[in-house]
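So the sequence shown is numbered by UniProt numbering: it starts at 1 and just counts up by one. Ideal Cβ positions, reconstructed from N, Cα and C, are used throughout, including at glycine.
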Amino acid sequence: MAAVSPREERKARLAEAVWRIIAERGITAVSVRTVAAEAGMAVGSLRNLFSTQTGLLEFSAELMVERAAARVTAITPSTDAVAYALAAICELMPLTPETRREFEINIALIAETPAHPGLARIRDHAHTQLLDLFTRIAAMLRGETAAPSPASRTNGRRLLALADGLGLHLLHQRASDDIGWAVDIVRDELHRIKSAAIGD
Numbered sequence: 001m002a003a004v005s006p007r008e009e010r011k012a013r014l015a016e017a018v019w020r021i022i023a024e025r026g027i028t029a030v031s032v033r034t035v036a037a038e039a040g041m042a043v044g045s046l047r048n049l050f051s052t053q054t055g056l057l058e059f060s061a062e063l064m065v066e067r068a069a070a071r072v073t074a075i076t077p078s079t080d081a082v083a084y085a086l087a088a089i090c091e092l093m094p095l096t097p098e099t100r101r102e103f104e105i106n107i108a109l110i111a112e113t114p115a116h117p118g119l120a121r122i123r124d125h126a127h128t129q130l131l132d133l134f135t136r137i138a139a140m141l142r143g144e145t146a147a148p149s150p151a152s153r154t155n156g157r158r159l160l161a162l163a164d165g166l167g168l169h170l171l172h173q174r175a176s177d178d179i180g181w182a183v184d185i186v187r188d189e190l191h192r193i194k195s196a197a198i199g200d
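This is the structure:
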């Protein structure tokens with residue numbers, strides 16, 4: 001693993017401060033001063049890293065996407081395709097305190113895209129990456145080794161929509177409530193994709 005420079009560590013600390021502020025006080029509370037204070041850093045030091053608040057927000061959004069992708073990549077491959085796919089998808093749904101907060105912050109950042117075109121670019125790139133991941137999951141379940149088939153592309157899009165929709169439903173319940181029902185629905189859909197391939 002490559003060493004992280006002190007500059008990158010400070011940028012990550014600021015991004016984490018942005019996340020905490022959004023989670024606790026909402027995105028309107030994010031400012032150069034509040035983020036610097038939350039991170040225990042001087043305003044001047046923050047401005048040396050990010051010349052604008054927009055740049056700070058965009059970096060925070062990009063880092064969140066990178067960390068989610070890293071969690072998925074770190075999952076150990078398994079001969080059980082459904083179990084492997086389920087583990088990957090669960091990392092992207094609000095099933096733990098960490099991923100629930102991440103999901104909420106992501107929604108708040110998406111809501112800011114009209115005012116920050118750079119966030120729209122990050123949102124669209126993240127969506128493209130997710131759609132590619134879910135399409136590859138569908139292709140894996142269907143036993144495809146070449147380029148994903150049209151059926152896998154359709155299943156991948158449906159699977160992503162299902163995970164996103166379930167994520168929103170999970171936010172409507174308390175963090176301490178049962179989440180097993182959502183995991184069961186995703187698992188059932190994965191089995192459906194795998195079983196349907198047999199009849200193709």
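Task: First through last residue of the alpha helix (DSSP H) which encompasses R101 - done: Position 101 of the sequence shown, counting from 1, holds the residue named residue 101. R101 -> alpha helix (DSSP H) spans P97 to A111.
Open item on the list: Just to confirm my understanding: we take A17, look at its own chain, exclude 5 residues before and 5 after, and list those with CB closer than 7 Å. What are they?
Closed with: In the sequence shown, residue 17 corresponds to position 17, counting from 1. Result list for A17: V35, E38 and A39, in chain order.
- [ ] Can you tell me which of R47, F59, A70 and G143 puts its alpha carbon nearest to the alpha carbon of R33?
- [x] The count along the sequence shown starts at 1 and reaches residue 33 at position 33. The residue with the shortest Cα to Cα distance from R33 is R47.
TODO: Please report how far the alpha carbon of L168 lies from the alpha carbon of R174, in whole angstroms.
DONE: What you label residue 168 is simply residue 168 of the sequence shown in a count that begins at 1. What you label residue 174 is simply residue 174 of the sequence shown in a count that begins at 1. In a straight line, the C-alpha of L168 is about 12 Å away from that of R174.
Task: Own chain partners of M1 with C-beta closer than 8 Å, once the 5 adjacent residues on each side are dropped - done: As a first step, residue 1 is located in the sequence shown; it is residue number 1 there, counting from the start. Caution is warranted here: a pLDDT of 49 is assigned to M1, below 50, making its placement in the model unreliable, and the coordinate value is therefore given only provisionally. Around M1: no qualifying Cβ.
TODO: Use the C-beta contact count for H172: other C-beta atoms within 10 angstroms, 16 or more gives buried, fewer gives exposed.
DONE: Counting from one through the sequence shown, the residue named residue 172 turns up at place 172. The residue is exposed, with fewer than 16 neighbouring Cβ atoms inside 10 Å.
Task: Presumed contact (8 Å Cβ cut-off) between I105 and V65, rounded CB distance - done: Start at 1 with the first residue of the sequence shown, and residue 105 comes out as number 105. Start at 1 with the first residue of the sequence shown, and residue 65 comes out as number 65. About 11 Å separates the two Cβ atoms, so there is no contact after all.
Task: Buried/exposed call for I137, threshold 16 Cβ in 10 Å - done: Within the sequence shown, numbered from 1, the residue matching residue 137 stands at position 137. Answer is buried; the Cβ neighbour count reaches 16.
Task: Reference S152, options A15, V4 and I193, closest by Cα - done: Here the question's residue 152 lines up with position 152 in the sequence shown. With distances taken between Cα atoms, S152 lies closest to I193.
TODO: Report yes or no: do the segment 42 to 60 and the segment 83 to 92 share at least 3 C-beta pairs separated by less than 8 Å?
DONE: no
TODO: Taking 8 Å as the cut-off, decide whether the C-beta atoms of L141 and R157 are in contact.
DONE: Your numbering for residue 141 matches position 141 in the sequence shown. Your numbering for residue 157 matches position 157 in the sequence shown. Against a cut-off of 8 Å, the Cβ pair of R157 and L141 comes out as no contact.
- [ ] Return the CA-CA distance between S176 and L14, expressed in angstroms with no decimal places.
- [x] The residue given as residue 176 occupies position 176 in the sequence shown. The residue given as residue 14 occupies position 14 in the sequence shown. S176 and L14: Cα-Cα distance of roughly 29 Å.
Task: Between the CA atoms of E91 and R187 - distance to the nearest angstrom - done: To locate residue 187, count along the sequence shown from 1; it is residue 187. To locate residue 91, count along the sequence shown from 1; it is residue 91. Approximately 14 Å between the Cα atoms of the pair.
Open item on the list: Can you give me the C-alpha to C-alpha distance between F59 and M93, rounded to a whole angstrom?
Closed with: Here residue 59 corresponds to residue number 59 of the sequence shown, with the count starting at 1. Here residue 93 corresponds to residue number 93 of the sequence shown, with the count starting at 1. Straight-line Cα distance between these residues: approximately 22 Å.
Task: Option in P148, P77, D80 and A12 with minimal Cα separation from F50 - done: Position 50 of the sequence shown holds residue 50. F50 has its Cα closest to that of A12, out of P148, P77, D80 and A12.
- [ ] Mark P148 as exposed unless 16 or more other C-beta atoms lie within 10 angstroms of its C-beta, in which case mark it buried.
- [x] Taking the sequence shown and counting its residues from 1, the one referred to as residue 148 is at position 148. It counts as buried.
Task: Residue burial classification, V30 (beta-carbon count within 10 angstroms, cutoff 16) - done: Here residue 30 is taken as the residue at index 30 of the sequence shown, counted from 1. With 16 or more neighbouring CB atoms inside 10 Å of its own CB, V30 falls in the buried class.
Task: Neighbourhood of L190 by C-beta distance below 7 Å, restricted to the same chain and skipping five residues each side - done: On the sequence shown, residue 190 is found 190 positions in, with the first residue counted as 1. So the list reads V82, A85, L86 and L141, once near-sequence residues are dropped.
- [ ] Work out the CA separation of A163 and H116 for me, nearest whole Å.
- [x] Locating residue 116 in the sequence shown gives position 116, counting from the first residue. Locating residue 163 in the sequence shown gives position 163, counting from the first residue. Using only the alpha carbons, I get a separation of about 26 Å.
- [ ] Return helix, strand or coil for A175, following the three-state DSSP convention.
- [x] Taking the sequence shown and counting its residues from 1, one reaches residue 175 at position 175. Coil, per DSSP.
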